[in-house]
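Numbering (our numbering), first residue to last: 41 to 200. Taking it in order: structure first as structure tokens, then the write-up.
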Amino acid sequence: MSGMLSKLELLLEELEASGQKGRSSSKSHLKAALYDWRREGQWQNNNAAVINVDDAGYAFLSFTKREPKHCTIRHLFILEKYRGKGYGRKLMNAIKDAVKERDVQRLRFFADIPSVSFYEKLGYKWHGTSKTGLPFYYGDLDSNLINLPNSQARYITHDA
């Protein structure tokens with residue numbers, strides 16, 4: 041994954057040098073993802089992956105070792121200039137393919153508030169709201185919720 045790290049560091053430099061006025065959500069998501077991945081040593085972890093679709097969107101994934109196995113979408117973003125062009129759907133399909141390759145059938149993620157409608161258009165529903173106020177999904181790869189194991193129920197403060 042070191043090639044991907046170099047690629048993403050260059051992308052971050054480009055985003056920072058672009059001189060965009062205001063806050064770039066792509067830049068802030070990428071910065072947060074790189075920080076987390078470094079801090080947690082994910083670049084050397086076989087249970088972590090970064091998925092890229094056409095250099096337009098990226099997803100940072102981690103896979104559990106314990107049962108029931110699931111994949112957590114840690115960070116997901118589409119670069120601003122590619123939004124609204126179907127890359128989000130392509131990225132979610134690439135995530136599902138990566139999850140299937142590892143013989144994992146469950147997906148888990150928190151959606152930031154601006155992304156809720158995107159996920160809902162893809163058929164995702166929410167178990168409830170997390171302690172941080174973000175909608176929480178735990179289910180199969182076809183967008184169906186699964187009963188929460190105790191290890192996941194602790195994230196929910198309000199039912200959907």
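Glycine included, each C-beta is placed from N, C-alpha and C at the ideal position. The model shown is predicted, which means the values in this text are computed figures rather than measured ones.
- When the alpha-carbon of D143 is set against those of Y195, W166 and K105, the nearest one is in K105.
- It is roughly 6 angstroms from the alpha-carbon of A88 to the alpha-carbon of L101.
- A distance of 7 angstroms or more separates the beta carbons of A134 and I113.
- The straight-line gap separating the alpha-carbon atoms of H115 and D95 is approximately 15 angstroms.
- About 12 angstroms separates the beta carbons of L48 and K67, which is beyond the 8 angstroms limit, so they are not a contact pair.
- G168 and L188 have their C-alpha atoms roughly 11 angstroms apart.
- In this structure W166 is in contact with F176, their Cβ atoms being roughly 6 angstroms apart against a cut-off of 8 angstroms.
- In this structure, DSSP gives R123 a state outside helix and strand, which the three-state scheme calls coil.
- Assigned with DSSP and collapsed to three states, I118 falls in strand.
- CA-to-CA, the gap between Q84 and K140 works out to about 21 angstroms.
- C-alpha of G124 to C-alpha of H198: approximately 31 angstroms in a straight line.
- With a cutoff of 7 angstroms on beta-carbon distance, L185 and F150 are scored as not near each other.
- F117 is not a Cβ neighbour of C111, given a cutoff of 7 angstroms.
- In this structure, Y195 is the residue among Y164, Y195 and L162 with its C-alpha nearest to the C-alpha of T172.
- Just so you know, the alpha carbons of R146 and G179 end up roughly 5 angstroms apart.
- Contact between G97 and L50 does not hold, since the beta-carbon distance rounds to 16 angstroms and is not under 8 angstroms.
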